[in-house]
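**Q**
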Amino acid sequence: MSFTLPIDDVLPQVISALRTTGRVVLQAPPGAGKTTRVPLAMLDANLTPGRIIMLEPRRLAARAAADRMAATLGEDVGQTVGFRMRGASAVSNETAIEVITEGILTRMLQQDPELSGVGAVIFDEFHERSLNSDLGLALCLEVAGALRSDLLLVAMSATLDAAPVAALMDAPIVTSQGRSFPVVPKWLDRPVGNQRLEIAVADLVLHALDSSHGSALVFLPGEGEIRRVEAALQGRLAPDCTVAPLFGAMDFKAQRAAVTPARTGRKVVLATSIAETSLTIEGVQIVVDSGRARRMQFDPSSGMSRLITERVTRAEATQRAGRAGRVSEGVAFKLWTRGEEGALAGFPPAEIEVADLSSFALELAIWGAKADDLSFVTPPHQGRLAEAQSVLQMLGALDQTKHVTPHGRALARLPLHPRLAHMVTKGGPSAPLLAAILAERDPLRGAPVDLALRMDAVAGKRTSGEVNHAAVSRIRQDAKRLARARNDHGPDSLGALAALAYPDRVALRRKGDAPRFVMSGGKGAILPDSDPMANERLLVATDLDGDPREARIRQAARLSEADLRDAFAGQIVWHDVCEWSRREGRVLARQQERFGALVLDDRLWSNAPSEDIARAMLTGVRQLGLAPGKGAAFFLARARLMPDNFPDFSDDHLMATIDEWLLPYLDGVRSAGDWKNFDLLPALEARLSWEARQDLDTSVPAHFITPLGRKLPIDYTAAQPQIALRLQEVFGVTQHPMIAGQPLQFTLLSPAQRPVQVTTDLPGFWAGSYADVRKDMRARYPRHPWPEDPTQANPTLRVKPKGT
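Numbering (our numbering), first residue to last: 3 to 806.
1. Assuming contact is defined by CB atoms lying nearer than 9 Å, are residue 775 and residue 785 in contact in what I supplied?
2. Pull up the DSSP beta-bridge partners for residue 44, would you.
3. I believe residue 443 touches residue 251 by the beta-carbon criterion, under 8 Å. Please report the beta-carbon distance rounded to the nearest angstrom.
4. For the beta strand (DSSP E) that residue 705 lies in, which residues bound it at each end?
5. Looking at the secondary structure, which residues open and close the beta strand (DSSP E) in which residue 56 lies?
6. Are residue 602 and residue 592 touching if we call contact CB-CB under 9 Å?
7. To the nearest angstrom, how far is it from the Cα of residue 431 to the Cα of residue 511?
8. Using only CA atoms, which one of 124, 501, 247 and 269 lies nearest to residue 542?
9. Mind checking residue 374: buried by the 16 CB within 10 Å criterion, or exposed?
10. Would the region 326–346 and the region 108–121 be scored as touching if the rule is three or more Cβ pairs under 8 Å?
11. Does the separation of the CB atoms of residue 728 and residue 755 fall below 9 Å?
12. When the cut-off is 9 Å and only beta carbons count, does residue 284 lie next to chain C?
13. Helix or strand or just coil, what does DSSP make of residue 787?
14. Under a Cβ-count criterion, where at least 16 other Cβ atoms within 10 Å of its own Cβ denotes burial, should residue 520 be classed as buried or exposed?
15. If we ignore side chains and look at the alpha-carbon of each, how far apart do residue 234 and residue 221 end up?
16. Between residue 42 and residue 122, is the Cβ-Cβ spacing less than 9 Å?
17. If you follow the alpha helix (DSSP H) that residue 15 is in, where does it begin and where does it stop?
18. Pick helix, strand or coil for residue 409, following the three-state DSSP scheme.
19. What are the uninterrupted segments assigned as beta strand (DSSP E) that are 3 or more residues long and contained completely in the region 173–217, given in chain order?
20. For residue 655, I'd like the list of residues in its chain whose CB is within less than 7 Å of its CB, leaving aside the five on either flank, ordered along the chain.
21. What separation, rounded to the nearest whole angstrom, lies between the Cα atoms of residue 561 and residue 505?
22. Touching or not, the region 684–698 and the region 640–656, by the rule of three or more beta carbon pairs under 8 Å?
23. With a cut-off of 8 Å on the beta carbons, I'd call residue 377 and residue 143 a contact; round off their distance for me.
24. For residue 240, which three-state DSSP category applies?
25. Are there three or more Cβ pairs, one per stretch, closer than 8 Å when the region 213–220 is compared with the region 285–292?
26. What would DSSP say about residue 1, mapped onto helix, strand or coil?
27. Start and end of the beta strand (DSSP E) containing residue 522?
28. Helix, strand or coil for residue 792? Go by DSSP, reduced to three states.
29. Output needed for residue 739: all residues of its chain with C-beta closer than 8 Å, excluding positions within five of it in sequence on either side, in chain order.
30. Among 156, 787, 38 and 546, which one has its Cα closest to the Cα of residue 172?
31. Cutting at 7 Å between CB atoms, please list the residues of its own chain near residue 600, excluding the five before and the five after it.
32. Give the single residue among 693, 629, 725 and 710 whose Cα lies nearest to the Cα of residue 679.
33. Based on Cα-Cα distance, which residue from 490, 105, 40 and 439 lies nearest to residue 86?
34. Quick check on residue 3: buried or exposed, where buried means 16 or more other Cβ atoms within 10 Å of its Cβ?
35. Is the distance from the Cβ of residue 420 to the Cβ of residue 394 below 9 Å?
36. Who are the near neighbours of residue 539 in its chain, counting only those whose CB is closer than 6 Å to its CB and skipping five residues on each side?
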């Protein structure tokens with residue numbers, strides 16, 4: 003090795019740890035040289051007779067790492083050092099170090115759990131916490147524990163929170179201090195505010211170039227922002243300064259050109275996170291960080307993933323800044339203030355926390371393990387894992403017991419999402435091409451949603467929209483590779499193929515003017531009014547924006563009903579449906595032909611059983627509420643005064659048990675109007691046994707029997723039971739009546755039926771304020787008796803004869 007790197011100082015510790023424990027976690031700042039130095043040091047130390055496998059998260063980084071290590075040895079790639087990735091490889095019998103992309107390891111383990119011929123596995127840039135690296139490490143730990151105690155395991159990262167990984171691996175931590183060259187951070191003096199991102203970034207790039215030496219690496223969240231910044235820089239750069247975009251959807255040749263140093267002058271590389279790790283761009287002394295990162299986030303409630311743009315984390319910012327110090331001293335310009343840095347999250351979420359787990363769940367099933375059986379730094383969320391398993395069961399990849407099926411094993415052999423793999427294996431000759439299109443970035447910019455336009459673009463036909471030729475080239479290559487798995491006897495119309503991959507996203511247009519759809523999985527979707535497919539009755543939504551309420555359709559295929567019936571004949575069935583319509587306020591009895599949540603045919607069910615109608619009406623009752631009439635309200639007020647051992651007549655309990663006591667009484671009730679006129683009393687009374695009814699009548703009687711024998715209804719609707727009666731009618735009552743353990747409230751009336759006293763204590767009234775009432779009433783009503791001692795008088799409603 004012709005020059006030293008910071009990592010060289012700790013390589014003896016790494017080798018010693020591997021000799022002693024067989025495992026190590028290596029922390030090394032960006033630019034320390036871990037990616038190229040560690041595998042070669044392990045090879046030189048002759049730690050294992052087997053191959054050394056190193057995982058890289060990205061194809062460009064894998065290829066670059068292999069090239070650099072081979073150059074260090076003075077060899078061509080494919081000799082001592084080789085690489086393997088989807089669609090490309092350079093290995094031979096001499097290859098001792100093999101750099102692979104992460105998904106390759108899973109395939110190797112599933113085909114040969116002992117990893118025959120492999121002596122060590124290195125997980126580079128493990129801080130990125132991709133789903134494949136987390137799964138790969140978990141599987142390797144199980145293999146090492148059960149089958150291969152000699153298997154060496156290394157996890158390496160620049161920004162990794164090393165302690166949890168080291169604990170999981172039961173491995174020592176080795177830390178390399180310092181990067182190749184110092185990087186000076188530069189923050190903004192004030193926040194960007196509402197300035198457009200591309201303008202703010204372009205201005206910062208110009209400032210960085212004016213104040214620093216070397217070429218610049220500019221980090222942006224995605225291709226769209228790269229194109230806009232490129233346009234914003236046009237005409238503003240020095241003549242010797244060239245701009246080179248770098249993003250994942252570019253073909254590999256263009257990516258290599260972007261990272262090649264400028265022959266003359268300076269270079270500005272506008273890159274996504276593809277340039278964050280394991281990649282040295284010679285001549286770069288400047289990093290400009292937009293402070294934004296784009297991540298794929300899966301929404302289990304909608305079953306869809308969507309890209310979101312977020313602030314970078316401190317770990318990502320550190321990783322990005324380190325790109326400026328790989329070959330010389332550098333400067334990192336940040337599009338945020340120093341004060342704003344404190345608000346950044348520490349680390350980005352692990353992919354296992356935010357990604358679609360369908361492929362992950364399939365790999366677990368093939369391995370024959372549950373997630374709880376394996377060791378993960380971050381275990382998968384059980385609810386989201388169950389959602390993924392449901393998708394696999396829908397595709398026939400898992401059986402009802404969640405064990406993998408032969409079809410599931412076939413799907414896993416294809417380098418595709420299980421949905422697309424299912425389409426390729428079950429669909430006709432066009433399926434590989436469609437799968438390649440759906441797996442790739444949209445090859446048409448600014449085009450309508452119709453997938454047929456994408457098929458035409460890949461076929462070289464004239465079509466609307468701007469063709470992304472690099473994407474078209476990749477699609478054609480991938481389609482050729484996938485063609486080996488095609489099924490020439492399956493359905494081959496575009497809609498039928500798309501439905502095979504997305505049976506839960508077959509969309510039926512709703513009634514009405516707006517192009518709104520309901521999908522077979524139950525979610526809603528919408529198209530712009532101007533899209534040519536807006537009036538289609540049936541389509542398959544293959545790409546949506548992930549809005550959980552009503553997703554916007556970004557790509558779709560037309561689907562004929564004949565194709566739907568051919569492809570899913572066994573899943574289209576008739577249902578007898580009695581259900582409450584909140585909108586119409588009544589029970590609807592229909593016979594419907596359904597595919598999932600889609601109603602393909604709908605007919606009146608004229609002879610629906612009365613019990614089915616009544617059960618549907620219960621839903622309406624739950625919406626409308628009990629709303630008892632006068633008689634029922636009176637009964638409930640009495641029943642609720644009974645002690646705790648009496649049947650529960652609270653609103654909550656009545657609603658919770660409504661199907662037990664109300665259902666038999668709902669015959670003929672099927673609308674809100676019927677319910678408004680319904681007498682609830684018989685159903686409520688039927689809840690009581692004969693003994694309970696007698697107990698109610700005794701303890702909380704419906705009437706009060708006056709001393710004159712009159713029956714007066716007791717009002718139980720107020721806070722306290724009460725009645726109103728003439729004062730003279732209770733003469734002689736010396737003990738106040740009680741109801742359910744509380745005094746009955748009397749409103750005592752004058753002969754003119756006006757209240758003169760309200761009391762819950764008649765004896766106290768006689769002894770107290772009665773005298774004042776008597777004095778006032780005698781003058782007003784002289785013909786009515788007003789005895790001095792009412793306790794000794796007889797109750798009466800009579801008046802004195804005239805003249806007495």
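We put the CB at the ideal spot given by N, CA and C, even for glycine.
**A** So, from the data block:
1. To locate residue 775, count along the sequence shown from 1; it is residue 773. To locate residue 785, count along the sequence shown from 1; it is residue 783. At least 9 Å separates the beta-carbon of residue 775 from that of residue 785.
2. Against the sequence shown, residue 44 aligns to sequence position 42. Answer by DSSP bridge pairing: none, since residue 44 is not bridged.
3. Along the sequence shown, one-based indexing puts residue 443 at 441. Along the sequence shown, one-based indexing puts residue 251 at 249. Going by Cβ atoms, the distance from residue 443 to residue 251 rounds to 4 Å, so yes, they are a contact pair.
4. By 1-based counting over the sequence shown, the position of residue 705 is 703. Its beta strand (DSSP E) spans residues 705–707.
5. Within the sequence shown, residue 56 is the residue found at index 54, counting from 1. Counting along the chain, the beta strand (DSSP E) containing residue 56 begins and ends at 53–58.
6. In the sequence shown, the residue the question calls residue 602 occupies position 600. In the sequence shown, the residue the question calls residue 592 occupies position 590. Taking 9 Å as the Cβ cut-off, residue 602 and residue 592 do not qualify as a contacting pair.
7. Reading the sequence shown from its first residue, position 429 is the one you call residue 431. Reading the sequence shown from its first residue, position 509 is the one you call residue 511. Distance between the alpha carbons of residue 431 and residue 511 is about 29 Å.
8. As a working note, residue 542 is residue 540 in the sequence shown. With distances taken between Cα atoms, residue 542 lies closest to 501.
9. The count along the sequence shown starts at 1 and reaches residue 374 at position 372. Residue 374 comes out exposed.
10. Fewer than three beta-carbon pairs drawn from the region 326–346 and the region 108–121 are found closer than 8 Å, and the two stretches are therefore not classed as touching.
11. Counting from one through the sequence shown, the residue named residue 728 turns up at place 726. Counting from one through the sequence shown, the residue named residue 755 turns up at place 753. Closer than 9 Å, so yes.
12. In the structure shown, chain C does not exist; there is a single protein chain.
13. Position 785 of the sequence shown, counted from the first residue, corresponds to residue 787. When secondary structure is reduced to three states using DSSP, residue 787 falls in the coil class, being assigned neither helix nor strand.
14. If you number the sequence shown from 1, residue 520 lands on position 518. Classification of residue 520: buried, given that the 10 Å Cβ count is 16 or more.
15. In the sequence shown, the residue the question calls residue 234 occupies position 232. In the sequence shown, the residue the question calls residue 221 occupies position 219. Residue 221 has its alpha-carbon roughly 15 Å from the corresponding atom of residue 234.
16. Your numbering for residue 42 matches position 40 in the sequence shown. Your numbering for residue 122 matches position 120 in the sequence shown. Taking 9 Å as the Cβ cut-off, residue 42 and residue 122 do not qualify as a contacting pair.
17. Residue mapping note: residue 15 aligns to position 13 of the sequence shown, counting from 1. Note, residue 15: alpha helix (DSSP H), 13–23.
18. Here residue 409 refers to the residue found at position 407 of the sequence shown. DSSP, reduced to helix, strand and coil, places residue 409 within a helical segment of the structure shown.
19. Contiguous beta strand (DSSP E) elements confined to the region 173–217 occur at 175–177 and 185–190, taking only those with 3 or more residues.
20. By one-based count along the sequence shown, residue 655 stands at place 653. Answer for residue 655: no residue qualifies.
21. For the purposes of this step, residue 561 is taken as the residue at position 559 of the sequence shown. For the purposes of this step, residue 505 is taken as the residue at position 503 of the sequence shown. Rounded to the nearest whole angstrom, the CA to CA distance from residue 561 to residue 505 is 12 Å.
22. Yes: at least three Cβ pairs fall under 8 Å.
23. The residue given as residue 377 occupies position 375 in the sequence shown. The residue given as residue 143 occupies position 141 in the sequence shown. The beta-carbon distance between residue 377 and residue 143, rounded to whole angstroms, is 5 Å. This is short enough to meet the 8 Å contact definition.
24. For the purposes of this step, residue 240 is taken as residue 238 along the sequence shown, with counting starting at 1. It is coil, neither helix nor strand.
25. Inter-segment contact for the region 213–220 and the region 285–292 is present: three or more beta-carbon pairs are separated by less than 8 Å.
26. Summary: the structure shown does not reach residue 1, with the chain confined to residues 3 through 806, and so no result is reported for it.
27. Numbered from 1 along the sequence shown, position 520 holds the residue referred to as residue 522. Taken as a continuous stretch (DSSP letters only), residue 522 belongs to no beta strand (DSSP E), as it is neither H nor E.
28. Residue mapping note: residue 792 aligns to position 790 of the sequence shown, counting from 1. Residue 792: helix per DSSP, three-state reduction.
29. As a working note, residue 739 is residue 737 in the sequence shown. Answer for residue 739: 706, 745 and 746, listed in chain order.
30. Residue 172 sits at position 170 when you count from the first residue of the sequence shown. The candidate whose alpha carbon is nearest that of residue 172 is 156.
31. The residue you call residue 600 lines up with position 598 of the sequence shown. Short of 7 Å from the beta carbon of residue 600, and not among the five residues preceding or following it, lie these beta carbons of its own chain, in chain order: 508, 510, 520 and 522.
32. For the purposes of this step, residue 679 is taken as residue 677 along the sequence shown, with counting starting at 1. When each option's Cα is compared against that of residue 679, the closest is 629.
33. In the sequence shown, the residue the question calls residue 86 occupies position 84. Measuring from the Cα of residue 86, the nearest candidate turns out to be 105.
34. Residue 3 sits at position 1 when you count from the first residue of the sequence shown. A caution first: residue 3 carries a pLDDT of 47, below 50, which makes its placement in the model too unreliable to give a value.
35. Position 418 of the sequence shown holds residue 420. Position 392 of the sequence shown holds residue 394. Yes; because the gap between Cβ atoms is below 9 Å, this pair is in contact.
36. On the sequence shown, residue 539 is found 537 positions in, with the first residue counted as 1. Excluding residues within five positions, the ones whose Cβ falls inside 6 Å are 511.
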